[in-house]
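> Right, I'll just put the structure down here and ask away after.
Chains as they are written, first to last, in my numbering: chain G, 8 to 309; chain H, 337 to 683.
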C-alpha cells in the first residue's frame with residue numbers, strides 16, 4: 008500500500024481539487040429561448056445550450072432528468088420533456104411550486120440558466136420496439152411522458168398500437184393541448200379524462216379516473232395477446248401509480264414491462280446527497296425510471 | 337504488514353516529524369462534564385503534550401475535517417442575463433490524524449465507498465482523503481460501544497500506522513511506505529515473542545470488556561419483515577426529529593444544497609450543508625408532498641439505510657457502533673435498543 012501523505016508537493020504532482028470540482032460542478036449555460044404558457048401554473052421553457060459543441064454533446068434518453076440552476080436562487084431536478092434527437096435544445100415543462108419555479112415563472116426569455124446532467128435511467132425505448140405501448144399520465148406526469156411521445160412520433164413504425172391515457176384535475180389543467188391533433192395524426196390514440204368539469208360547461212369529454220379508461224381499453228381487446236405484447240409507461244402522482252399498476256398486473260401485463268418514473272427532490276443527481284433515497288436506492292442513479300417489479304421491492308416507493 | 341515496537345518517548349519524535357507536513361488533528365481535552373469527567377474532542381494540535389491518546393471517545397467525530405458541515409461548492413459572478421460559475425475553494429494543507437480509534441478509521445473507509453465510488457467521486461473529499469495521514473490508536477470499550485457487533489472494532493486498512501499501547505511501549509502496525517519511512521527516522525525495533533504475547537493479551541482483554549451487543553443475524557431480512565412493526569411508531573413518538581444523531585455520526589454524509597445571492601446582487605454562492613434524514617423536510621418535494629412526513633417514518637428510514645440498504649449494497653452496515661448517536665440523543669434513543677426491539681417485536 009502506498010503512503011497517502013504527500014511528503015513534498017512535487018511528489019504527487021499536486022492535487023487537482025479545483026479541476027476535479029470544476030468537472031463535478033460542471034454546469035453548462037443554456038439560454039431560455041422561449042417561454043410558452045401552457046396553463047395557469049405551468050410553462051414550457053425552451054432552452055438552448057449556449058456552446059454549440061456542448062449542445063451537440065448534450066444527449067439524453069426519454070425519462071432522464073437534469074438539474075436546472077439559477078445562480079443565487081437554487082438548483083432543482085426536472086425531467087426533460089423534449090425529443091432526444093434535439094439534444095441540447097431541451098424543453099422543460101415546469102409548474103410553479105416553490106421558490107425556484109416561482110422565480111422562473113417571472114423571468115423573460117434571453118436569461119441564461121445552468122444545466123447539469125442528464126442524469127438517471129430512462130424508458131428503454133429500443134427494447135419496447137415491435138410492441139404495443141400504453142402511455143399513462145396523470146397531471147404533471149405528462150412532462151416526462153412527452154419525451155416518450157416525441158420519440159414514438161419520430162419512430163412510429165417501431166411500435167404497434169400506441170395509446171395515451173391522460174388525466175388532469177380539470178380541463179384548464181390539461182397540458183400540451185395544442186399538440187393533441189398532431190399526436191392523433193401520427194396514429195396515436197389519445198384518451199383524455201378530467202377529475203371534474205364543473206368549472207367548464209364546454210367540456211364534452213370524459214370525467215373520471217384514468218383507470219376507468221384503462222379497464223375499458225382492456226375489455227375491448229380481451230382474448231388476444233394484447234396484454235403480453237404491451238409495454239406500459241406510467242407517470243403521475245403516487246396514488247395513481249398504485250391503482251394503475253394494480254390494474255395492469257390484473258390484466259397480466261408483465262411487471263418487467265411496466266415502467267414508472269418516481270418523483271424525488273434530488274440535491275446532487277449523482278448519488279451523494281441521499282435526498283432521493285428510497286430505502287437506500289438512489290432514485291437519481293437507479294431511477295427515476297424503474298420497472299414495476301423493482302418498485303414493488305422498494306419500501307415506501309409509491 | 338510490517339510490525340515494530342517503539343518506546344513511549346519516541347511518539348513525541350514521530351509527532352515532531354509529522355507536524356511540519358500538514359495540519360495535525362488529534363484528541364484533546366476540551367471540557368469536564370457535570371460529574372467532573374474529562375470530555376474530549378478533535379482539534380488541531382500544535383504541541384504533542386496537548387494530545388490525549390488515552391481518550392474514551394469524542395462527542396463529535398473526525399468527519400468534519402474531511403467532510404465539512406458547510407462547504408462552498410461554487411461562487412458566481414452575476415451580470416445582467418449572464419453569469420460565470422467559479423468552482424472552489426481550493427484544498428488546504430494535508431490532514432494528519434494522530435490517534436484515531438478503529439471505529440473512526442472504519443467510518444472513513446465506509447464513507448469512501450459512497451463518496452469515492454461510483455461514477456461521481458466527490459472531489460473535495462477525494463483530495464482530502466488522498467493526502468491524509470492516519471495514526472491509529474487502540475482503545476478500551478465504553479458502555480455505549482458496540483463496534484464489535486458492527487465489525488468495526490479493528491481497522492484492517494485506512495491507516496498509515498496503528499499504535500497499540502503495551503504499557504511502556506507501543507506495538508506499531510505499519511501499512512504505508514510513508515509511515516515506514518517515518519518510523520525509520522525514530523528508534524524502533526522488531527517485535528519479539530514477548531511483544532507478540534503482550535499484544536495478543538491486550539487485544540483479548542479488550543474483547544472481554546464489551547458490555548453492549550447488537551445481534552445482526554439476518555438483520556436485513558428482519559428489518560424488511562418488520563417494516564410495518566408497531567415499534568417504529570413507539571420510537572417515532574420519542575424522536576424529536578432534531579438531527580443530532582446525524583450530526584454526531586461519523587458515517588452520515590447526506591446533505592442539502594442552497595444558493596445565496598450577495599447583497600450587491602453581483603455575486604452568489606452555492607453552499608453544501610450536511611443534513612439529516614430525520615429533519616422534517618428531508619424527503620419533501622415541490623408542491624408540498626412529503627414522502628416521510630412522520631417522525632417514525634424518518635427514524636425508520638435512517639435504520640433501513642444504515643442497517644439494511646447499505647448492507648445489501650456493500651456487505652456491511654453504515655454504522656461503526658461508536659455509540660455517539662445514542663449518547664447525544666436528547667430522547668435517549670440508542671441503536672442497540674432500537675434494533676433489539678425490532679428483533680423482539682416489542683420495546
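By construction, the Cβ of each residue, glycine as well, lies at the ideal position given by its N, Cα and C atoms.
1. Tell me whether residue 109 of chain G is buried or exposed, calling it buried when 16 or more other Cβ atoms sit within 10 Å of its Cβ.
2. Give the single residue among G:144, G:34, G:160 whose Cα lies nearest to the Cα of residue 173 of chain G.
3. What residues of chain H sit near residue 1 of chain G, judged by a beta carbon separation below 8 Å?
4. Within 10 Å of its beta-carbon, does residue 442 of chain H have 16 or more other beta-carbons around it, so buried, or fewer, so exposed?
5. Out of curiosity, what's the CA-to-CA distance linking residue 21 of chain G and residue 466 of chain H?
6. Quick check on residue 589 of chain H: buried or exposed, where buried means 16 or more other Cβ atoms within 10 Å of its Cβ?
7. Select from G:194, G:72, G:227, G:287 the residue whose C-alpha is nearest the C-alpha of residue 162 of chain G.
8. Excluding five sequence neighbours on each side, which residues of the same chain lie with their C-beta closer than 7 Å to the C-beta of residue 650 of chain H?
9. With 16 as the cutoff for other CB atoms within 10 Å, does residue 304 of chain G come out buried or exposed?
10. Using alpha carbons as the reference points, say which of G:123, G:80, G:155 lies closest to residue 133 of chain G.
11. For residue 357 of chain H, does the three-state DSSP call read helix, strand or coil?
12. How far does the alpha helix (DSSP H) with residue 635 of chain H in it extend, from its first residue to its last?
13. Between G:166, G:126, G:101, which lies nearest to residue 236 of chain G when the distance is taken from Cα to Cα?
14. Buried or exposed: where does residue 337 of chain H fall if 16 or more other Cβ atoms within 10 Å of its Cβ makes it buried?
15. For the region 379-394 of chain H, enumerate the residues whose C-beta is nearer than 8 Å to any C-beta of chain G, in chain order.
16. Starting from residue 342 of chain H, trace the beta strand (DSSP E) in both directions and tell me its first and last residue.
17. Please report how far the alpha carbon of residue 262 of chain G lies from the alpha carbon of residue 299 of chain G, in whole angstroms.
18. How would you call residue 440 of chain H, buried or exposed, if buried means at least 16 neighbouring beta carbons within 10 angstroms?
19. Between which two residues does the alpha helix (DSSP H) harbouring residue 374 of chain H extend?
20. Alpha carbon to alpha carbon, what distance is there between residue 341 of chain H and residue 612 of chain H?
21. For residue 581 of chain H, which three-state DSSP category applies?
22. Let me check understanding here. Comparing Cα to Cα, which of H:356, H:542, H:524, H:392 lies closest to residue 346 of chain H?
23. Quick one: grab the DSSP three-state call for residue 614 of chain H.
24. Beta-carbon of residue 592 of chain H versus every beta-carbon of chain B: anything under 7 Å?
25. In this structure, what does DSSP give as the bridge partners for residue 596 of chain H?
26. Note down, in chain order, each residue of its chain lying with its Cβ closer than 8 Å to the Cβ of residue 76 of chain G, except the 5 sequence neighbours on either side.
27. Would you call the CB atoms of residue 679 of chain H and residue 558 of chain H closer than 7 Å?
28. What ranges does the beta strand (DSSP E) occupy inside the region 494-545 of chain H, keeping only unbroken runs of at least 3 residues that lie completely in it?
29. Please go through the same chain and pick out, in chain order, the residues whose beta-carbon is closer than 8 Å to the beta-carbon of residue 556 of chain H, but skip the five residues on each side of it.
30. Against chain G, does residue 343 of chain H count as a neighbour if the rule is that its beta carbon must be under 7 Å from one of theirs?
31. Indicate whether residue 241 of chain G and residue 267 of chain G have their beta-carbon atoms separated by less than 7 Å.
32. Could you please give the first and the last residue of the uninterrupted alpha helix (DSSP H) stretch that includes residue 717 of chain H?
33. Going straight from the alpha carbon of residue 665 of chain H to that of residue 474 of chain H, what length do you get?
34. Taking beta-carbon pairs under 8 Å, can you tell me which members of the region 96-114 of chain G lie near chain H?
35. Within its chain, find whatever has a CB closer than 6 Å to the CB of residue 269 of chain G; leave out the 5 residues flanking it on each side and keep chain order.
In this structure, then:
1. Exposed, by the Cβ-count rule.
2. Ranked by Cα distance from residue 173 of chain G, the options G:144, G:34, G:160 are led by G:144.
3. A question about residue 1 of chain G goes unanswered here, because the residues of chain G that appear run from 8 up to 309.
4. Buried, since its Cβ has 16 or more Cβ neighbours within 10 Å.
5. Reliability fails at residue 21 of chain G, whose pLDDT of 43 lies under 50, so the model's placement of it is uncertain and no value is given.
6. Sixteen is the threshold: when 16 or more other Cβ atoms of the shown chains lie within 10 Å of the Cβ of residue 589 of chain H, as they do, the residue is buried.
7. Residue 162 of chain G has its Cα closest to that of G:194, out of G:194, G:72, G:227, G:287.
8. Within the same chain, 449 come within 7 Å of residue 650 of chain H by CB-CB distance, once the 5 residues on both sides are set aside.
9. So residue 304 of chain G ends up on the exposed side.
10. Residue 133 of chain G has its Cα closest to that of G:155, out of G:123, G:80, G:155.
11. The answer is helix: DSSP assigns residue 357 of chain H an H, G or I state.
12. Where residue 635 of chain H is concerned, the enclosing alpha helix (DSSP H) stretches over 631-640.
13. Selected option, being the one with the closest Cα: G:166.
14. With fewer than 16 Cβ atoms within 10 Å of its Cβ, residue 337 of chain H is classed as exposed.
15. From the region 379-394 of chain H, no residue has a Cβ closer than 8 Å to chain G.
16. Residue 342 of chain H -> beta strand (DSSP E) spans 338-343.
17. A straight line joining the alpha-carbon of residue 262 of chain G with that of residue 299 of chain G spans about 5 Å.
18. By the 16-neighbour rule on beta-carbons within 10 angstroms, residue 440 of chain H is buried.
19. Per DSSP, residue 374 of chain H belongs to no alpha helix (DSSP H); it is in the beta strand (DSSP E), 374-380.
20. Rounded to whole angstroms, residue 612 of chain H to residue 341 of chain H spans 43 Å at the Cα level.
21. Looking at residue 581 of chain H - three-state DSSP - the assignment turns out to be helix.
22. In terms of Cα proximity to residue 346 of chain H, the closest of H:356, H:542, H:524, H:392 is H:524.
23. Three-state result, residue 614 of chain H: coil.
24. Absence of chain B from the displayed structure is noted, the protein chains being G and H.
25. Bridge partners of residue 596 of chain H: H:605.
26. Here the set comprises 34, 82, 120, 121, 122, 123.
27. Yes, the Cβ-Cβ distance between residue 679 of chain H and residue 558 of chain H is below 7 Å.
28. Segments of the beta strand (DSSP E) lying fully in the region 494-545 of chain H: 497-501, 505-510.
29. The residues are 643, 644, 647, 648.
30. Chain G contact via Cβ: absent.
31. Closer than 7 Å, so yes.
32. Outside the modelled stretch of chain H, which goes from 337 to 683, sits residue 717 of chain H, for which no answer is possible.
33. Distance between the alpha carbons of residue 665 of chain H and residue 474 of chain H: 26 Å.
34. Residues 102, 104, 105, 108.
35. Result list for residue 269 of chain G: 290, 294, 295, in chain order.
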